[in-house]
Each structure stands twice: as structure tokens, then as C-alpha cells.
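According to our numbering, the sequence shown is numbered sequentially starting from 723.
Built from N, CA and C at the ideal position, the CB exists for glycine as well.
Here's the structure, in C-alpha cells; my notes come after.
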Amino acid sequence: MTDWPELERKYFMHTIKRLPLTLVRGQGARVWDDHGKEYLDFVGGWAVNSLGHCHPILVQALTEQAKTLIQASNQFYTVPQIRLAELLVQHSCFDKVFFCNSGAEANEGAVKLARRFGKLHLQGAFEVITTFNSFHGRTLAMVAATGQKKFQEPYTPLPGGFVNVDYDRIEAIEEATTSQTCAVMLEPIQAEGGINVPSDGYLGQVRDWCDQKGILLILDEIQTGMGRIGTLFGYQQYGFEPDIMTLAKGLASGVPIGVIMARNKADVFQPGEHGSTFGGNPLACAAAYATLKYIVDNDIPGSADRVGRYLSTRLEALRSRFDFIVDVRGRGLLKAMEFSSDMADSVLMACLDRGLLVNRVKPNTLRFIPPLIIGEAEVDQAMGILEQVLAGVGEASG
Ligand SMILES: *Cc1c(COP(=O)(O)O)cnc(C)c1O
């Protein structure tokens, strides 16, 4: 049998420490490794596989599009991207879209858009306020936007024009705002930063502050969007509307895509000012259209909310049983469990062993980001495995 890890060691730049597992197939919320072992997938490609693995709707859309038209340059109109744009606008507060290929690229574009707005309407203001523990992507500018030392330090000096401040503290944004500020960029829940849910009212306060100063509010919904936290977009449950929103991860259920959405007010790019070769690629847009249509038609956000609440009660039950669990948090199917010590890796490895994939978001915190189509039965199975693992840990440490 081929030793895939050996070949990987030989050929790859080592940007990530992989888990000892080669995945070859997926179906629904399940994946299989190259030895035929089955796993329940509570990672979902990092909150990407919204409809699970190889959903028939997605496979059909991809197959049909692959037989029809895979790529054409953006000099031409193509149908899938226009249909997708219309559906996105119909189901959100935004008026206009720009398609690209990833989350980082969408955020880069959103910042460029805000800078254009600054030049046109704010006397050249260019600075974007972002928060500590945020995550906005891995390009050089998005590393500067991402308020985490571990992503920034290897690459200094970083591009200018970003100010990192405390999350969930409106005064921090107020204090950092100057005549150079053109926008504030935030996640409605900090996801990679550890599933940090802001206090009620914070996002509304940021909205009010941006209105008062005439600056833009960019919401990074790359992880929270597409039903993940129980509404199609996260902002819909916080009672405010951003000026610009970015999506990527779950938008096409596994096919790479990103989008910048803007309200008319922030629609300020002129022809030639921004672009992308693959952005709006017919294959990716057909996948995203099928995904979004399925999510809307089948009230998948409602289901993520319900199943997410059930997951919370199961996680809370574990917390009351094991005193080394110090917190359970999140919304919808974006959940975290925090431990009193750095034991997330050992719990994760024991879960792997028993056929459950979970994600370690911090050394002491696990993240649960399953496909949005899971039901209570899958939650029961996952929580059964997790409980056995935690009982083993409890015995070992007690
Ligand atoms: C994953 C993520 C990104 C980066 O997306 P990539 O597709 O990896 O570039 C940006 N923002 C948030 C909130 C994310 O979760």
C-alpha cells in the first residue's frame, strides 16, 4: 500500500502538521480513510462542506456544468455567476457582488473597496480597524488584519493601514478611529480565534459608531455565513446590516469560491480597478448556486439552529459531568468546548481512534463544525464517542 505521508514529507513545504490520516472518500457527514475505516466528520473541511460530502445536488450541478462550460474569462458574460449573484442579492441586504476564489482574497478585495471609498468620500482615509484574535486569511495584508502575533511575527514588516484593537469593547474601536479610518472589519463571532461570541449589543454599537463617523462596516462572514450559526448570514440575528460582507468557506460546499458583497453605497470600484482570472468561474458558481438554493429551499439555517441547540445541550451535559471542561460556547453548528488545560490534542487523537473527527482550535479548545445537514442521530453518535474519550481522560487524570 502506498505510504502517502512518506511521499508528502518528501514533496511538501511543511506549512501544517497533518493528522495521521489519509482521507479518500466522503458521503454525507461521513468520510473514509485509505484503510477503509469510517469516521463521523465534525470538521467538515473546516466549516466548508455545508451540504456534507458529495451531496447529490452538488454532484449533479458540477457534472452538468463540467459538461457545459468550465471556464471563460470575465471579459464575457457567463450564466452561472449571474444566477448566483441574483440569488445572493435576493437573500441578503446587499446590492452588488464581486466573485473571487478564497476567503483571504475576498477580504483583500473588501479592504481595497474600503480604500476606494476612503479616497472618494473620506479625504483619502485608508486605515482599517480590525480586532485581536480575529482571523481574516493568510495573504500579507490579511496577516496584518489578523490580530494574532503568531501569524504576524514571521512576516514583519507587514503592510500598513491596519490597526488591531480589542474585540467586544466598543471603546477600543472608538479610541482607534481617526481621520485616516475608512472601515472597521469584524467577524460576527471570532471563529479561528477560539469561537468568541461578543456580548449582545456590541455589533449594533459598532454599526452605530461607523454610521456616526461615516466609515464602512465590513463583516467577515467567511465562516459564520451560509447558515452556519442558525441564520443564512450571521448579521441577520444581530439586528444590524453591514455595508460590505465577505463569504467563502461554505458557499459552494467544498468547491473554492469567495465573494465580496456590498450595498449600493459602497459599490465604488470602477472598471479595471479590481479583478480575478478564476473569480466567477462557471464550475464554482454552479456549485455555489446549487448549495445556496438547497440551503434556502430546505431551511438549512433553521435546522443548523435546532441541531446546534441540541449539540449545546449534549456538550453542556458533558461539562456538568467532567470538571476539567470549563466552557461550552458558540451558536448554531459553530461550537467550542474549552478545557482547564492544554488537552485538546490528546482528546482529538483519542476521538480519531474511535472514528470521530473534531478540530483543535486552540491548545485547550475543541471546535465542532460539522456539515449543516447533520441530524440529532449524528450528534448522539459523536457525543457518545466524545463522552467515552473524556471518561478515559478523567480516569487517567483522577
Ligand atoms: C477561513 C477564514 C478566512 C480565510 O479564508 P481562506 O479561504 O482560507 O483564505 C477568513 N476569514 C474567516 C472568518 C475565516 O474563517
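When the options are compared against residue i, the one with the closest alpha-carbon
{"i": "K1057", "options": "L1070, M1071 and V1080", "result": "V1080"}
{"i": "H775", "options": "G1116, P1092, L1112 and I1107", "result": "P1092"}
{"i": "R985", "options": "K732, G859 and T968", "result": "T968"}
{"i": "C1007", "options": "D1027, G748, S975 and T1035", "result": "S975"}
{"i": "P1085", "options": "C1073, E1100 and V1069", "result": "V1069"}
{"i": "S901", "options": "R929, F848 and N886", "result": "F848"}
{"i": "G949", "options": "I738, G748, A1099 and S772", "result": "S772"}
{"i": "G972", "options": "T999, L1014 and G869", "result": "L1014"}
{"i": "E830", "options": "I911, M864, E1038 and G846", "result": "M864"}
{"i": "L954", "options": "Q1103, L1037, E1109 and H813", "result": "H813"}
{"i": "I1047", "options": "M983, Y877, S1063 and A894", "result": "S1063"}
{"i": "V770", "options": "P978, E760 and F873", "result": "P978"}
{"i": "F991", "options": "P802, L809, H843 and Y761", "result": "H843"}
{"i": "T878", "options": "R731, T861 and N823", "result": "T861"}
{"i": "L1088", "options": "Q870, A913 and E963", "result": "A913"}
For residue j and residue i, the rounded distance between their alpha carbons
{"i": "A867", "j": "Q945", "result": "16 Å"}
{"i": "E728", "j": "A1066", "result": "26 Å"}
{"i": "T744", "j": "W726", "result": "7 Å"}
{"i": "F816", "j": "D942", "result": "14 Å"}
{"i": "G1077", "j": "G1001", "result": "37 Å"}
{"i": "V753", "j": "Y960", "result": "34 Å"}
{"i": "R1041", "j": "P742", "result": "28 Å"}
{"i": "D989", "j": "R837", "result": "12 Å"}
{"i": "A1072", "j": "G1106", "result": "13 Å"}
{"i": "M1059", "j": "L1112", "result": "12 Å"}
{"i": "P881", "j": "Q782", "result": "43 Å"}
{"i": "I892", "j": "G915", "result": "18 Å"}
{"i": "F798", "j": "Q934", "result": "40 Å"}
{"i": "I966", "j": "Y733", "result": "39 Å"}
{"i": "A1012", "j": "V811", "result": "15 Å"}
{"i": "V981", "j": "G1114", "result": "44 Å"}
{"i": "S856", "j": "A905", "result": "15 Å"}
{"i": "R1051", "j": "K789", "result": "44 Å"}
{"i": "A826", "j": "T724", "result": "34 Å"}
{"i": "N1003", "j": "A794", "result": "7 Å"}
{"i": "V850", "j": "P1023", "result": "31 Å"}
{"i": "V1018", "j": "Y957", "result": "16 Å"}
{"i": "L784", "j": "G936", "result": "42 Å"}
{"i": "R1036", "j": "H996", "result": "47 Å"}
{"i": "E897", "j": "C932", "result": "13 Å"}
{"i": "D930", "j": "A807", "result": "28 Å"}
{"i": "Y924", "j": "R1031", "result": "23 Å"}
Check: residue i C-beta below 6 Å from any heavy atom of ligand 1
{"i": "A1006", "result": "no"}
{"i": "S824", "result": "yes"}
{"i": "F857", "result": "yes"}
{"i": "Q945", "result": "yes"}
{"i": "D942", "result": "yes"}
{"i": "E909", "result": "yes"}
{"i": "A832", "result": "no"}
{"i": "A866", "result": "no"}
{"i": "A913", "result": "yes"}
{"i": "A970", "result": "yes"}
Residue i in three-state terms, based on DSSP
{"i": "G859", "result": "coil"}
{"i": "R1053", "result": "strand"}
{"i": "F798", "result": "coil"}
{"i": "E1098", "result": "helix"}
{"i": "G947", "result": "coil"}
{"i": "L1037", "result": "helix"}
{"i": "Q912", "result": "strand"}
{"i": "D942", "result": "strand"}
{"i": "A867", "result": "helix"}
{"i": "A898", "result": "helix"}
{"i": "L741", "result": "coil"}
{"i": "V1080", "result": "coil"}
{"i": "T785", "result": "helix"}
{"i": "I1107", "result": "helix"}
{"i": "M1065", "result": "coil"}
{"i": "L880", "result": "coil"}
{"i": "E919", "result": "Checking the sequence, you will find Val at residue 919 rather than Glu. Coil, per DSSP."}
{"i": "F873", "result": "helix"}
{"i": "C932", "result": "helix"}
{"i": "R805", "result": "helix"}
{"i": "R891", "result": "coil"}
{"i": "A905", "result": "strand"}
Proximity test, Cβ basis, 7 Å: residue i and chain C
{"i": "T946", "result": "Absent from the structure: chain C. Only one protein chain is present."}
Runs of alpha helix (DSSP H) wholly within the segment 977-1031 (minimum 4 residues, chain order): 1004-1019
Residue ranges of each alpha helix (DSSP H) run of no fewer than 4 residues wholly in the segment 822-849, ordered along the chain? 825-843
Could you tell me which whole beta strand (DSSP E) segments of length 3 or greater appear in the segment 743-779? 745-749, 752-755 and 760-763
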